[in-house]
Structure formats: structure tokens, C-alpha cells
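So the sequence lines, in the order shown, correspond to chains A and B. Residues in the first sequence are numbered consecutively from 6, following the numbering used here. Residues in the second sequence are numbered consecutively from -1, following the numbering used here.
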Amino acid sequence: MVDIILDNIKKSFGSVQAVRGVSLKVYDGEYLTLLGPSGCGKTTTLRIIAGLEKADSGEIYFGDKKIDFNVPPEERNIGMVFQHFEIFPFLDVWDNVSYSCKVRGVNKDEIEERVSKYIHLVNLDKYVDKFPFELTAPQLQRIGIARALATGAKILLLDEPLGALDQRYRDEFRVEMRKLVKKLNITAIHVTHDQDEAMMISDRIAVMRKGSILQVGTPGDLYIKPNAIFVANFIGESNFVEGEVKSIDKYTQIKLHGGGPIIFSKNKHFYKRDRVIGSIRKEFVKIKEFIEENKLKDNNLIEGNINNIAFLGSHLRVNIELENGDIIEAKVTYPPSIQFEVGSKVYIKLHPENVLLFPYPEDLDYELALE
Amino acid sequence: MTEIRLENINIKDSLYNINLQINSKEYLTICGPTGAGKTSTLKIIAGLLKPDSGRVYFDGEDMTDKEPEERGIGMVFEHSNYALFPHLTVEKNVGYSPRVLEGKTLKESRQLINYMLELVLLQNRPKAYPHELSGGMKQRVALARAMMASSSTNLILLDEPLSALDAKIRLALRYELMNLVKKLGLTCIHVTQNTEEALMVSDRIAIIHKGQIIQVGTPREIYETPKNLFVCRFISTSNFLEGNIIDIVEKGSYILLSNGKKILVSNKNFPIGSKVVIAIRAENIKISRNKKIETQNVLFGTVETSKFVSGNSIEEVRLTSGELFTLKRHATKAWFKEGEEVAIYFSPDRTLLFPYPKEGLEKAIDVF
């Protein structure tokens, strides 16, 4: 039983509050990712769990056992994997992987058995006597993972483990990492700033910003039900529009700012005249042909002009300018079902369930910043 | 206004007969895997690397033997801080290039710097230090500095300018960069290994592999008519089937796979008997639980992984014939469970056809 519980963890470096009261439960056997921009406190949180940093206050439990902040990393039964591998250049693969067992005084036969098991698991059997300079970056990271696992740890902490790999290796590696962790039935906490990586690899994701956790959920939860503008912006890609609630009946009607059109939302948690921010996923913006009588039949069509089209192979990114000057971007599957070009007048259609509403924040620029 | 032409450029064991023309005000991306020769090509244009043979022309003038500082080029490098001087303010960073301000009075220099800052919308922040700026602002300072250095040519070289940034910021800055380059009327050569970035920002893309330019074209041309299997796989996740053409009909060609299955593709350019490879992009394959589905080109398999990533469902399906296929669709959640048996199918006109490669399929699609 190795649930990991963090209770109100705080940590400052001088005047900088790196972690501002983080509470989190990671379940036994779970693959959890701490996701956020640079400087959000995700790595500091991981290092506190590892024992590489001491928290200023708060509590950590591994299962029922409270972990004193003074317990050093090697006594916490964790394995760690780092972005820059931290492989000994003067040791071959076997010696690198067996190093952590030797340090912990594991007996010789046991080392033999464990090291060959984990070298096999990360597909390095053919390279046991190779030195780091003879290997590629992904192979070096495989050593890092085998070394972390060979300690026998039931908790694996991964600090941007794919950050130093080329984009094309990353895709394969992340699938492999998840399979490995699940196969060994260990608990993994993974730190990254890459939302796609987090969604691909995780059971649940904790989104962090400025030292706090904003939301914890499955990839689907975070995508469909973001609880803050920042989360809606950071996970996936959204358009944000400003407006005021005009009326509420079957749907909430929002009049967009600057004399913009009315859009409909299923969210009914607002009152008339509330200022709101509407958030619409780019892949949920549908483009319809501009035919006058269509507008009469369907009052949920918004007029706009296409002012840019980018071709991305599997899809197009189409920018549509509304009458109030707002730009809405649509991700459209390629080839599109209707013809359009830059300059075309079109309708866009937004389904009310896909228009999420947030109260207008004190500082919109801050909410929409990615850092 | 500068047009760049590379003519038969060679560097031993690294670049082979590179011919490339970049038009004035064009945004061209040199895209390829690590070690393909992208940065070497860029350095040859900048004058930071001398070719063993071949010539470099700017507007018809031979620049091959000119030093970098005589070429009037601005560069932006891969670095999270864009190699800005951390101890200098925005205006000092922009005005750093001493040669540009040579012979100018203090007033003229100030005017020029202010003008550059206005272009990149930083006229209000001349006294700020890099650490006080957002990622986008830093990028604009680097661009303003590069433009100062390139005021005679309007030629900007970008070496993986976004790769050191957080994933999310990278996406936002792509737009900003592209719009700025276009607005300012610059000629831009951008090096990246990120194919999505290349598709998004470029007028044209040059695909480079093992020191050779394989194909140059618009994003659409590269995606829709890749010249070979490498370009096909490199530009977008694709799946491959090997077979032989057995019949050509009005709708296209029938291909017999080794497992006895027949596939119809629209392409009719190969004679009967040819050994070919069919490529199907991940986004052009449909999936169904209904295994009696009546449509063209149905294959069967088991879902190995099913993931939801930012608006896309991504499945890996192990076909009964052994191949692992990747499928990608816009979706709001992962709909298929691991272990589920499914039918997958694709339209004959959403396929690409290639001659079977001499080096074997595996080698031809090795994009690493």
C-alpha cells in the first residue's frame, strides 16, 4: 500500500514562494502527472517528495507512514529519473544500473537478478557492456529508468524524463513508459510542461500554476470540465470571448462585447448582466456555408469573415473575424466538408454545451497568460 | 529585398549537392530529423560555415567568400532567452550590434532603435531587462535585434527559435513570429525538426534528410504528394501495407496483400505486377465496432492502446496480420477500450502509393 499524500506543503526560496500549500493524494499504482508552465512549483513539489528538498511546512505520507522531512532520499524507497539522465560516463550499462543497488548494500545474487531483469525490461540486453558515449539519448534514458527501478522502489519520480529527447523519440517513449509502470504496478509521479505528454501518459493530471494546484482530474475531465480560465487555456486549445449575460431561458444568452453577436451556453450558473468569459474549444467551432435563409432557420449562426487559413495536414486552422473584431479559430478536419478561402463570408456554429462560461476575472491578462 | 540561391553546395560527409532558392519575402522552413544537415545549410547562408564546393548568391551576387558580418543577416538562435544579454536593457540589446550604428550620431541611433521597437510593439519597454519580459516579448527583442543587423537585406535566419520554450508558449509564439515576419516584409529561413511547426508557419518547406534535399514545396504539396516514403512518414504519422498490383479498374488499382486481402486505391500510376507500399495517414482511417461493416478496404484488429489527447482520440490497433496501426480523430474522449476487437477502414482516395523501396520498407520509413 503506497498511496502518497501531500498535506498543505509549503516551500519558499528566499522571498519566492515556490510551493504555496499543495495538497494531493496519489493512489497506489496510479500514474499521476504534475503539469504546469516553468516556475509553477512542479519540480520543487517532486523534489520534496523525493527528499531532495525540505518543505517549510506541511506533511507527507507514504501509505500510513508519515515521512519526516529529514529522511534522506535513499531511505524513502523511491526511484528517480532526471531530464538530463545523470548517467555515469565512466561506467558501462550494467554498472550504471547496478550502482544504486550496490550503494544500498543489496547482496550480490540479488543485484545480478534485479539488474538483468530491469535491463531486459528497458530493452538494453544487447548493450550491457556499452559505455554511455556509445549510446543514443533514448538509450541513456533507458539506463536512467532501469537504474531507478533496480532499487526495488515502488514509487517512481520522473522529472521531465523526456525533455532532452528529440520530439520523435518522445512519442514512442511515453507510450513505453506508461506500459512499463503499469506492468510493474508501481506508483509514478511525472513532471512535465507538455500537455500532450501529460494527457498521453497519465491516469490523472494535477495542473499547477504559481505554486498551487488548480485542478486534478483525468485527461478527459480537464478537457471537458476545466475549472478555471487558465486550465481551459493550458489544456487543449480554446478561444476566449468577452460578453455580458442578456437573458436566461433554455440557454444562457451572452451578448459579446463591442457590439458582437449573441452566443448560447448551456451553463446556467450566471445572472442577467453578469460579465463573463466564454471559452470554446477550437475543434468545436463548426463552419457553415453562408446562405441568408439559413440564418432565419437557425438563430445560433454567427457571421464572420475568414482572414487566415493554415494547412496542417490532418487539419486546417481557420481564423474567422466576427463583426466586433474578435477572432475565432476553428480546427477543421481536412478535407473540409464545405469550400471556403481567405475572404469568404461564412457562418460559425457553436453548440451551447461547448460554450463554457467563467466569471469575468479581476485580471484577464493574468488568467490568459501561459507563464 | 533579397533572394537567396544555393548552388551545388557540398560538405564532405554532411551535405550533398544542395540546390535551393528562397524568394524575396518568402518564409521558408528547412525541416528534417536531427543530424540531417539543417543547421549546416543555415550556417552556409550565414557565412558561419564554408562549403567545400558550391556557391551562395544573394540577389545574384556571389557571397560565398564573404564574411558573416559582410552579409547583413540577422539571426535568432535556439535558447530560452534567445541569447539576449541578461544585464542589458531592451534598447541596449537591440542596439548592441555596433557595426549597424557605426557613423551614426547618438540621435540617429536612438531613432533607429525606437523604430525597431515600434515595429515589434515594444516601444513602451525600452528600459526593461529580459527577465522582466514574457517569452513572447523576449522573442520580439531578439527579432528586433536581428532586424537591426539585417537592415540591408531584410533576411532573417531562425535556428530552432522556439524549441527551448514550454510546449504551450511555443504554439502561441509560432503565430506571433509568422505574422511579424509577414507584416515586416522579411525574407525568413527557419530551421526546425518539428513538422507541425513547419506546416504552420511556412510558405514553402524544404525537407532535408541525410544531407540531401528530398523535396521542396508548399505545406499542402508536401502533405498531399510526398515524394517518397520518408517524406510521407516524416511529415505526419502514417501506416503502411505492402502488396502487389493485381488489377487496374476505372476506380483505381487493386493491390493484393500477403495475407490474401485485396485493397483498392485511387492511384493508377503503377503497372500490374508492381510491388508497392500503400500509405494511409493516421487521420484518414476510420474505426468501428461493427465487424460486418460493408465498405471498401476493411481490416480487422485489436485495440492495444486508446488515448485521449487534447481533442484527439488516438488508438493503436494491432491488425490480425500483425501490423500496428495508429489512428487519430477529433473526439471528446477515448471511445475504445484496450483489448476491444474492431474493424478499421479507409477510402481509396485517402491513400498514397509508392514503389516498394530498394532498401526495404523498414529503412525507408526510419525517420529518426
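Here a beta-carbon is modelled for each residue, glycine too, at the ideal position from N, C-alpha and C.
Alpha carbon to alpha carbon, how far is residue i from residue j?
i, j, result
"B:ASN267", "B:ILE243", "10 Å"
"B:THR235", "B:GLN109", "49 Å"
"A:ASN312", "A:LYS291", "16 Å"
"B:LEU131", "B:ARG168", "16 Å"
"A:LYS215", "A:ILE54", "18 Å"
"B:ALA170", "B:THR37", "24 Å"
"B:ALA329", "B:GLY309", "5 Å"
"A:ASP199", "B:ALA165", "5 Å"
"B:ILE212", "B:PHE232", "12 Å"
"B:ASN91", "B:ARG143", "7 Å"
"A:VAL337", "A:LYS293", "11 Å"
"B:PRO269", "B:ALA196", "35 Å"
"B:SER304", "B:LYS208", "34 Å"
"B:MET73", "A:LEU129", "41 Å"
"A:ALA23", "A:ILE10", "19 Å"
"A:GLN146", "A:TYR104", "15 Å"
"B:SER22", "B:GLU338", "54 Å"
"B:LYS180", "B:LEU26", "12 Å"
"A:ILE124", "A:ASP176", "21 Å"
"B:THR349", "B:GLY250", "11 Å"
"A:GLU328", "A:VAL246", "13 Å"
"B:THR151", "A:ALA374", "35 Å"
"A:ARG81", "A:ARG179", "25 Å"
Determine the chain B residues that contact residue i at a beta-carbon separation under 7 Å, and present them in chain order.
i, result
"A:MET205", "LYS305, VAL307"
"A:ALA211", "What A:ALA211 touches in chain B: nothing, since even the nearest Cβ is about 16 Å away."
"A:ALA315", "MET198"
"A:TYR371", "Ordered by position in chain B, no residue passes the 7 Å Cβ test against A:TYR371, which lies about 11 Å from the chain."
Identify the contact partners of residue i in chain A, using a Cβ-Cβ distance below 8 Å as the criterion.
i, result
"B:ARG279", "GLY318, SER319"
"B:HIS328", "GLU288, HIS320, LYS336, THR338"
"B:ALA34", "Neighbours of B:ALA34 on chain A: none; closest Cβ ~11 Å, over 8 Å."
Using beta carbons (cut-off 9 Å, strictly below), is residue i in contact with chain E?
i, result
"B:GLU24", "Within the model displayed, chain E is absent; protein chains A and B are what it includes."
Find the residues of chain A that neighbour residue i, judging by a C-beta separation of less than 9 Å, and give them in chain order.
i, result
"B:GLY72", "Neighbours of B:GLY72 on chain A: none; closest Cβ ~25 Å, over 9 Å."
For the beta strand (DSSP E) containing residue i, name the first residue and the last one.
i, result
"B:PRO353", "350 to 353"
"B:SER345", "From DSSP, B:SER345 is part of no beta strand (DSSP E); its letter is neither H nor E."
"A:ASN310", "306 to 316"
"B:ILE27", "Here the sequence assigns Thr to residue 27 of chain B, which means Ile is not the residue at that position. Per DSSP, B:THR27 belongs to the beta strand (DSSP E) from 25 to 29."
"B:VAL54", "51 to 56"
"A:SER284", "280 to 286"
"A:ALA23", "21 to 31"
"A:ILE253", "243 to 253"
"A:ASP100", "Where A:ASP100 is concerned, there is no enclosing beta strand (DSSP E), although the alpha helix (DSSP H) it sits in stretches over 98 to 108."
Which chain B residues sit within Cβ distance under 9 Å of residue i?
i, result
"A:PHE239", "LYS166"
"A:GLN200", "ALA165, LYS166, VAL307, SER308"
"A:ALA233", "Going along chain B, no residue has its Cβ under 9 Å from A:ALA233, so there is no contact; the nearest lies around 15 Å."
Give the interface partners of residue i over in chain A, defined as CB-CB distance under 7 Å, in chain order.
i, result
"B:ALA170", "LEU375"
Between which two residues does the alpha helix (DSSP H) harbouring residue i extend?
i, result
"A:ALA155", "142 to 155"
"A:TYR123", "113 to 126"
"A:ALA237", "234 to 239"
"B:SER38", "36 to 44"
What residues from chain B crowd round residue i, counting only those whose CB sits closer than 8 Å?
i, result
"A:GLN22", "Correct list: empty, because the minimum Cβ distance to chain B is about 18 Å."
"A:GLN172", "GLN191, ASN192"
"A:TYR132", "What A:TYR132 touches in chain B: nothing, since even the nearest Cβ is about 17 Å away."
request  = Anything in the segment 174 to 203 of chain B with a Cβ closer than 7 Å to a Cβ of chain A? List those residues in chain order, please.
outcome  = Within the segment 174 to 203 of chain B, the residues whose Cβ lies closer than 7 Å to some Cβ of chain A are GLN191, ASN192, GLU194, LEU197, MET198, listed in chain order.
task = Ignoring anything shorter than 4 residues or poking outside the segment 320 to 375 of chain A, list the alpha helix (DSSP H) runs there in chain order.
result = Complete alpha helix (DSSP H) runs here, min 4: 369 to 373.
ask   = Where are the alpha helix (DSSP H) runs, 4 residues long or more, that stay fully inside the segment 184 to 232 of chain A, in chain order?
value = Counting only runs of 4 or more, we get 200 to 206, 224 to 229.
query = Where are the beta strand (DSSP E) runs, 3 residues long or more, that stay fully inside the segment 292 to 319 of chain B, in chain order?
reply = Listed in chain order, the beta strand (DSSP E) elements of length 3 or more contained wholly in the segment 292 to 319 of chain B are 296 to 307, 310 to 317.
task = Taking a Cβ distance cut-off of 9 Å, strictly less, list which residues of the segment 211 to 243 of chain B are near chain A, in chain order.
result = Cβ contacts with chain A: THR216, PRO217, ARG218, ILE220, TYR221, GLU222, PHE232, ILE233, SER234, THR235.
inquiry  = Restricting to runs no shorter than 3 residues, where is the beta strand (DSSP E) found entirely within the segment 88 to 168 of chain B?
reply    = Fully enclosed beta strand (DSSP E) runs of 3 or longer: 153 to 157.
key: Length at least 3, wholly inside the segment 33 to 63 of chain A: the beta strand (DSSP E) runs in chain order   = Taken in chain order, the unbroken stretches of beta strand (DSSP E) that lie wholly in the segment 33 to 63 of chain A and span 3 residues or more are 36 to 40.
query = When Cβ atoms are compared, which residues of the segment 41 to 68 of chain B fall closer than 7 Å to chain A?
reply = So the list is empty, because no residue satisfies the distance condition.
ask   = Got a sec: which bits of the segment 119 to 142 of chain B sit with their beta carbon under 8 Å from any beta carbon on chain A, in order along the chain?
value = Residues of the segment 119 to 142 of chain B with a C-beta less than 8 Å from any C-beta of chain A: SER132, GLY133, listed in chain order.
key: Entirely enclosed beta strand (DSSP E) segments - the segment 186 to 267 of chain B, minimum 3 residues   = Fully enclosed beta strand (DSSP E) runs of 3 or longer: 202 to 207, 210 to 215, 236 to 247, 250 to 255, 260 to 263.
key: Near-chain B residues of the segment 178 to 196 of chain A (beta-carbon distance less than 7 Å), N- to C-terminal order   = Taking 7 Å as the cut-off between beta carbons, the residues of the segment 178 to 196 of chain A near chain B are VAL180, in sequence order.
query = Got a sec: which bits of the segment 26 to 45 of chain A sit with their beta carbon under 7 Å from any beta carbon on chain B, in order along the chain?
reply = Residues passing the 7 Å Cβ filter: PRO42, SER43.
query = What residues in the segment 338 to 355 of chain A have a beta carbon less than 7 Å from any beta carbon of chain B?
reply = Cβ contacts with chain B come from THR338.
ask   = According to a CB-to-CB cut-off of less than 8 Å, which residues of the segment 241 to 262 of chain A neighbour chain B?
value = Residues GLY241, GLU242.
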